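Colleague:
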Amino acid sequence: MNIATIFEIVLAAVVLGLGIWTIAVRETYSATVGFVAYGLLVALIWVRLDAVDVALTEAAIGGGLGGVLLLGAAARLRDGERTVAETPGMVTRVSAVALSALTTAALAGAIVFLPDPAPTLAPTVVGHAWATSLANPVTNVLMAFRAMDTMLEKVVLLLSIIGVWSLAPDNAWGGHPGPRHRADPDGILVFLARLLPPIGIVVGIYIFWTGANHPGGAFQGGAILASMWVLAIMAGLTDTPPVARRWLRFVLVAGPGLFLLVGLGGLWFGTAFLAYPPALAKPLILGIEVAMILTIAATLGLLLAGAPERSVK
Amino acid sequence: MSLARDIITIAAVSAGAFFFLAGTVGLLRFPDTLTRLHALTKADNLGLGLVVLGLLPQAGSLRDGLKLVSIWLLVLLAGATVSQLIARTARQGETAK
Amino acid sequence: MTEFLTAAVGFILAMLALGLVSILRGPGDTDRMMAAQLIGTGGIAALLLLGTVTGVPAAVDVALTLAVLATFASIAFVKKGLSSLEADGIGSTEDHK
Amino acid sequence: MSGPTVFGLCAAVAVGLGLYGLITNPHPLRKIIAFNLLGSGVFLLFGVLGRRGAAASVGNDPVPQALVITGVVVAFSATALAIALLLRLFQKTGSTTLSSGAPPNVSSDPSGG
Numbered sequence: 010m011n012i013a014t015i016f017e018i019v020l021a022a023v024v025l026g027l028g029i030w031t032i033a034v035r036e037t038y039s040a041t042v043g044f045v046a047y048g049l050l051v052a053l054i055w056v057r058l059d060a061v062d063v064a065l066t067e068a069a070i071g072g073g074l075g076g077v078l079l080l081g082a083a084a085r086l087r088d089g090e091r092t093v094a095e096t097p098g099m100v101t102r103v104s105a106v107a108l109s110a111l112t113t114a115a116l117a118g119a120i121v122f123l124p125d126p127a128p129t130l131a132p133t134v135v136g137h138a139w140a141t142s143l144a145n146p147v148t149n150v151l152m153a154f155r156a157m158d159t160m161l162e163k164v165v166l167l168l169s170i171i172g173v174w175s176l177a178p179d180n181a182w183g184g185h186p187g188p189r190h191r192a193d194p195d196g197i198l199v200f201l202a203r204l205l206p207p208i209g210i211v212v213g214i215y216i217f218w219t220g221a222n223h224p225g226g227a228f229q230g231g232a233i234l235a236s237m238w239v240l241a242i243m244a245g246l247t248d249t250p251p252v253a254r255r256w257l258r259f260v261l262v263a264g265p266g267l268f269l270l271v272g273l274g275g276l277w278f279g280t281a282f283l284a285y286p287p288a289l290a291k292p293l294i295l296g297i298e299v300a301m302i303l304t305i306a307a308t309l310g311l312l313l314a315g316a317p318e319r320s321v322k
Numbered sequence: 002m003s004l005a006r007d008i009i010t011i012a013a014v015s016a017g018a019f020f021f022l023a024g025t026v027g028l029l030r031f032p033d034t035l036t037r038l039h040a041l042t043k044a045d046n047l048g049l050g051l052v053v054l055g056l057l058p059q060a061g062s063l064r065d066g067l068k069l070v071s072i073w074l075l076v077l078l079a080g081a082t083v084s085q086l087i088a089r090t091a092r093q094g095e096t097a098k
Numbered sequence: 014m015t016e017f018l019t020a021a022v023g024f025i026l027a028m029l030a031l032g033l034v035s036i037l038r039g040p041g042d043t044d045r046m047m048a049a050q051l052i053g054t055g056g057i058a059a060l061l062l063l064g065t066v067t068g069v070p071a072a073v074d075v076a077l078t079l080a081v082l083a084t085f086a087s088i089a090f091v092k093k094g095l096s097s098l099e100a101d102g103i104g105s106t107e108d109h110k
Numbered sequence: 004m005s006g007p008t009v010f011g012l013c014a015a016v017a018v019g020l021g022l023y024g025l026i027t028n029p030h031p032l033r034k035i036i037a038f039n040l041l042g043s044g045v046f047l048l049f050g051v052l053g054r055r056g057a058a059a060s061v062g063n064d065p066v067p068q069a070l071v072i073t074g075v076v077v078a079f080s081a082t083a084l085a086i087a088l089l090l091r092l093f094q095k096t097g098s099t100t101l102s103s104g105a106p107p108n109v110s111s112d113p114s115g116g
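Chains as they are written, first to last, in my numbering: chain V, 10 to 322; chain B, 2 to 98; chain D, 14 to 110; chain S, 4 to 116.
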């Protein structure tokens with residue numbers, strides 16, 4: 010057993026310890042904090058598995074935005090904690106343990122006994138990289154070889170924002186999501202909210218731009234941009250826009266819309282839906298990604314803000 | 002030359018790890034929020050700074066080195082602001098009791 | 014060199030876990046607010062070292078992302094923790110002035 | 004025991020933990036967290052299998068990686084929708100319980116929704 014394996018066991022143990030904490034601890038707020046820590050450390054496992062694209066996504070979502078989303082809910086639901094009393098009985102508990110143990114055993118068996126090396130599509134992906142002239146194989150899969158999945162994923166984002174908005178009470182329909190934050194204009198929070206976003210926006214665009222040839226991409230970059238927007242909102246520098254605004258809705262559909270147009274263009278001029286002509290592949294993909302990073306940033310920020318709560322005055 | 006670089010790395014990263022240790026001991030031993038905050042921010046920022054310093058000789062290019070330093074500066078900025086906010090909250094919580 | 018750096022990552026991870034134990038156990042919510050800060054710094058240090066060990070230069074980009082988002086998460090921790098404290102009439106540091 | 008195997012076993016346990024929390028924890032927000040834990044375990048399994056399928060100078064099979072990235076995004080949007088539903092339920096009834104036996108408190112809805 011060498012030192013690398015020991016390190017891997019330590020990492021897995023810490024991550025699992027946080028998982029157990031998240032499930033077992035009594036208070037919801039503590040569980041949320043535990044889950045944020047879990048999400049950040051899982052990013053380390055992904056780096057160790059040589060999947061840096063996923064590590065970036067996990068750091069942005071699992072640790073950053075997802076954590077903030079859960080935390081906000083935990084803070085607002087704190088008063089409701091007392092009303093939950095009905096804990097499951099002994100029988101439910103024991104059968105849940107049995108079911109979970111069985112699932113874990115089956116998955117562990119699959120990990121131990123499945124063939125190594127596993128069947129792979131990596132050579133096919135690398136072999137067809139010429140078609141897009143992008144060097145990052147994951148971006149190639151996301152934007153070209155399985156572009157349909159990515160387009161539908163953006164549609165899922167759009168559907169969920171529609172779902173969230175439709176939960177607004179009647180008097181706030183089409184209004185501002187979330188509470189209006191106010192802060193001391195000379196305070197330290199406002200200072201940070203003025204200083205950090207320019208840096209964050211540069212980092213976001215860098216992560217997006219480098220995604221063509223190295224790990225990164227529109228989603229990870231968009232998540233960073235969204236977090237900077239929400240930071241400015243939390244510091245009271247700006248307010249969430251009323252969801253009925255036309256420009257906002259245009260931004261939200263720009264990414265999937267352009268994707269769909271390019272896809273239909275492929276059907277019209279070329280051979281198949283979403284087939285890019287090889288000479289135009291790179292500019293087309295970049296164009297879609299630029300539209301998408303704006304859409305993603307707006308969507309993620311609004312998902313964090315939640316349902317509209319205040320009507321437009 | 003590479004030996005000298007490795008020695009710098011080992012020395013700085015060890016010192017950084019020591020500060021992480023000191024921070025954790027502080028977190029475990031100090032009695033109240035403000036002192037624990039002190040332990041956390043001082044030790045972590047210095048610890049990360051030393052780790053970054055240790056990794057600089059191993060960086061492949063100038064750009065990578067600049068990225069490393071800018072990460073440290075970002076964390077310093079964040080640490081300074083967030084610990085201010087936490088400390089204020091803690092103090093107000095105390096006076097209100 | 015690789016062995017040393019791997020050991021350093023393991024050590025920092027262990028310190029991170031210990032620090033988390035003390036923070037998560039901590040009596041008040043102000044203690045728990047430090048969690049994001051601690052994971053941010055420790056996680057970034059571990060990532061940078063790990064990137065050098067594994068030979069994944071892009072790990073620096075992950076650390077950069079983490080630096081920005083951990084700052085954001087820490088602010089949100091304080092803000093959200095604050096808004097729940099305000100319900101009890103405590104703590105109105107930055108809000109409502 | 005190689006590195007990916009360690010993480011694979013870790014992922015299997017995470018799935019089990021998430022499943023257990025999803026079934027036994029009465030608080031809906033805890034159920035959401037448990038479900039996310041379960042999902043993250045499944046994603047890790049993908050990553051471990053992709054690592055085993057590493058070939059052609061790629062450290063990890065890009066196809067499962069792309070699947071996982073899509074999955075993370077979808078999981079995030081589902082979580083956001085679930086939390087919005089939960090907050091609205093809390094706003095409307097003043098409680099977060101899902102059981103129909105609990106006394107509803109509808110009259111206390113200030114928003115008139």
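Using N, Cα and C, we set each Cβ at its ideal position, and we do this for glycine too.
These figures come from a predicted structure and were not determined experimentally.
In angstroms, rounded to a whole number, what distance separates the CA positions of S84 of chain B and L198 of chain V?
Modeller: Numbered from its first residue, the second sequence carries residue 84 of chain B at position 83. Numbered from its first residue, the first sequence carries residue 198 of chain V at position 189. Taking the Cα positions, S84 of chain B is about 11 Å away from L198 of chain V.
Colleague: Which residues in the same chain as G315 of chain V place their Cβ atom closer than 6 Å to its Cβ, once the five residues preceding and following it in sequence are excluded?
Modeller: Position 306 of the first sequence, counted from the first residue, corresponds to residue 315 of chain V. The answer, listed in chain order, is P186 and G187.
Colleague: For I9 of chain B and H39 of chain B, I'd like the C-alpha separation in whole angstroms.
Modeller: As a working mapping, residue 9 of chain B is identified with position 8 in the second sequence. As a working mapping, residue 39 of chain B is identified with position 38 in the second sequence. Between I9 of chain B and H39 of chain B, the C-alpha separation is close to 28 Å.
Colleague: Can you pull the DSSP bridge partners for R319 of chain V?
Modeller: By 1-based counting over the first sequence, the position of residue 319 of chain V is 310. V:H185.
Colleague: Measure the CB-CB distance between L12 of chain S and A60 of chain V and report whether it falls below 8 Å.
Modeller: Locating residue 12 of chain S in the fourth sequence gives position 9, where the first residue counts as 1. Locating residue 60 of chain V in the first sequence gives position 51, where the first residue counts as 1. No. Outside cutoff.
Colleague: Should T96 of chain V be counted as a contact of the ligand MG given a C-beta to heavy atom distance under 7 Å?
Modeller: This structure does not include the ligand MG; it has no bound ligands of any sort.
Colleague: Of the choices S:F38, S:G74, S:T82 and S:N63, whose alpha-carbon is the least far from that of F9 of chain V?
Modeller: No statement about residue 9 of chain V is possible, as the shown extent of chain V runs from 10 to 322 and does not include it.
Colleague: Using a 10 Å radius around the Cβ and a threshold of 16 neighbouring Cβ atoms, would you call R55 of chain S buried or exposed?
Modeller: Taking the fourth sequence and counting its residues from 1, one reaches residue 55 of chain S at position 52. It counts as buried.
Colleague: How would you list, in chain order, the residues of chain V whose beta-carbon sits under 8 Å from the beta-carbon of D42 of chain D?
Modeller: For this step, residue 42 of chain D is matched to residue 29 along the third sequence. Y38, listed in chain order.
Colleague: Measure from the alpha carbon of L29 of chain B to the alpha carbon of each residue in D:D42, D:G41 and D:G32, then state which is nearest.
Modeller: Here residue 29 of chain B is taken as the residue at index 28 of the second sequence, counted from 1. The residue with the shortest Cα to Cα distance from L29 of chain B is D:G32.
Colleague: Do L143 of chain V and K291 of chain V count as a contact pair if the criterion is CB distance below 8 Å?
Modeller: Taking the first sequence and counting its residues from 1, the one referred to as residue 291 of chain V is at position 282. Taking the first sequence and counting its residues from 1, the one referred to as residue 143 of chain V is at position 134. A contact, by the Cβ cut-off of 8 Å.
Colleague: Counting Cβ pairs closer than 8 Å, one from the region 61-81 of chain S and one from the region 63-83 of chain V, do we hit at least three?
Modeller: yes
Colleague: Within a Cβ cutoff of 8 Å, which residues of the same chain sit near A59 of chain D, ignoring the five residues on either side of it in sequence?
Modeller: Residue 59 of chain D sits at position 46 when you count from the first residue of the third sequence. The beta carbon of A59 of chain D sits closer than 8 Å to the beta carbons of V22, I25, L26 and L29 from its chain, once the five residues preceding and following it are set aside; these are given in chain order.
Colleague: Per DSSP, what kind of secondary structure is S63 of chain S in: helix, strand or coil?
Modeller: Translated into positions along the fourth sequence, residue 63 of chain S becomes position 60. The residue asked about is misnamed: residue 63 of chain S is Asn in this sequence, not Ser. Coil at N63 of chain S, not helix or strand.
Colleague: On the CB-based measure, 16 or more other CB atoms within 10 Å of its CB, does W55 of chain V come out buried or exposed?
Modeller: If you number the first sequence from 1, residue 55 of chain V lands on position 46. Buried, because 16 or more other Cβ atoms sit within 10 Å of the Cβ of W55 of chain V.
Colleague: Could you tell me which uninterrupted beta strand (DSSP E) segments, each at least 3 residues in length, are contained entirely in the region 242-319 of chain V, listed from first to last along the chain?
Modeller: 317-319
Colleague: Would you call A18 of chain B buried or exposed, if buried means 16 or more other Cβ atoms sit within 10 Å of its Cβ?
Modeller: Here the question's residue 18 of chain B lines up with position 17 in the second sequence. A18 of chain B should be labelled buried.
Colleague: How would you call L54 of chain B, buried or exposed, if buried means at least 16 neighbouring beta carbons within 10 angstroms?
Modeller: Here residue 54 of chain B is taken as the residue at index 53 of the second sequence, counted from 1. The residue in question, L54 of chain B, is buried, as its Cβ has 16 or more Cβ neighbours within 10 Å.
Colleague: Distance check for V147 of chain V and Q59 of chain B, CA to CA, integer angstroms please.
Modeller: In the second sequence, counting from the first residue as 1, residue 59 of chain B sits at position 58. In the first sequence, counting from the first residue as 1, residue 147 of chain V sits at position 138. C-alpha separation (whole angstroms): 27 Å.
Colleague: Determine, using beta carbons only, whether F38 of chain S comes closer than 8 Å to chain V.
Modeller: What you label residue 38 of chain S is simply residue 35 of the fourth sequence in a count that begins at 1. Judged by the 8 Å Cβ criterion, F38 of chain S is not in contact with chain V.
Colleague: Are I52 of chain D and L49 of chain V close, meaning C-beta to C-beta below 8 Å?
Modeller: Residue mapping note: residue 52 of chain D aligns to position 39 of the third sequence, counting from 1. Residue mapping note: residue 49 of chain V aligns to position 40 of the first sequence, counting from 1. Taking 8 Å as the Cβ cut-off, I52 of chain D and L49 of chain V qualify as a contacting pair.
Colleague: Just how far apart, CA to CA, sit G264 of chain V and E162 of chain V?
Modeller: Counting from 1 along the first sequence, the entry for residue 264 of chain V is found at position 255. Counting from 1 along the first sequence, the entry for residue 162 of chain V is found at position 153. Cα-Cα distance, rounded: 11 Å.
Colleague: In whole angstroms, give me the CA-to-CA distance for L78 of chain V and S3 of chain B.
Modeller: Residue 78 of chain V sits at position 69 when you count from the first residue of the first sequence. Residue 3 of chain B sits at position 2 when you count from the first residue of the second sequence. Looking at the two C-alpha atoms, the distance is approximately 47 Å.
Colleague: Listing by chain order, which chain V residues have their CB less than 7 Å from the CB of L86 of chain B?
Modeller: What you label residue 86 of chain B is simply residue 85 of the second sequence in a count that begins at 1. By Cβ distance, chain V contributes I197 and L198.
Colleague: Check whether the region 200-209 of chain V and the region 284-299 of chain V touch, using three or more Cβ-Cβ pairs below 8 Å as the test.
Modeller: no
Colleague: Helix or strand or just coil, what does DSSP make of F31 of chain B?
Modeller: The residue you call residue 31 of chain B lines up with position 30 of the second sequence. Of the three classes helix, strand and coil, the one that applies to F31 of chain B here is coil, per DSSP.
Colleague: Using a Cβ cut-off of 7 Å, pull out every chain V residue sitting near T82 of chain B, in sequence order please.
Modeller: In the second sequence, the residue the question calls residue 82 of chain B occupies position 81. Those are I197 and L201, listed as they occur along chain V.
Colleague: Is the Cβ of T67 of chain D closer than 8 Å to any Cβ of chain B?
Modeller: If you number the third sequence from 1, residue 67 of chain D lands on position 54. It does not; no Cβ of chain B falls within 8 Å.
Colleague: Going along the chain, which residues of the region 17-30 of chain D sit with their C-beta nearer than 8 Å to a C-beta in chain V?
Modeller: T19, A20, V22, G23, L26, A27, L29 and A30
Colleague: Taking C-beta pairs closer than 8 Å, name the residues in chain B that V81 of chain D reaches, listed in chain order.
Modeller: Counting from 1 along the third sequence, the entry for residue 81 of chain D is found at position 68. Ordered by position in chain B, the residues that pass the 8 Å Cβ test against V81 of chain D are L75.
Colleague: Please check the pair Y23 of chain S and I32 of chain V, which I expect to be a contact at CB under 8 Å, by giving their CB distance rounded to whole angstroms.
Modeller: Along the fourth sequence, read from residue 1 onward, the residue named residue 23 of chain S stands at position 20. Along the first sequence, read from residue 1 onward, the residue named residue 32 of chain V stands at position 23. That belief holds up - the Cβ atoms of Y23 of chain S and I32 of chain V are roughly 6 Å apart, short of 8 Å.
Colleague: According to DSSP, simplified to helix, strand and coil, what is S62 of chain B?
Modeller: Your numbering for residue 62 of chain B matches position 61 in the second sequence. It is coil, neither helix nor strand.
Colleague: Do G72 of chain V and V34 of chain V have their C-beta atoms closer together than 8 Å?
Modeller: Position 63 of the first sequence, counting from 1, holds the residue named residue 72 of chain V. Position 25 of the first sequence, counting from 1, holds the residue named residue 34 of chain V. Not in contact: G72 of chain V and V34 of chain V (Cβ atoms no closer than 8 Å).
Colleague: Check each candidate in S:A17, S:V9 and S:K95 and name the one with the smallest Cα separation from V45 of chain S.
Modeller: In the fourth sequence, the residue the question calls residue 45 of chain S occupies position 42. For the residues S:A17, S:V9 and S:K95, the minimum Cα distance to V45 of chain S belongs to S:A17.
Colleague: Do you know whose CA, among V:V24, V:A13 and V:A306, lies nearest I170 of chain V's CA?
Modeller: Residue numbering aside, residue 170 of chain V sits at position 161 when the first sequence is read from its first letter. If we check each option's Cα against that of I170 of chain V, V:A306 comes out closest.
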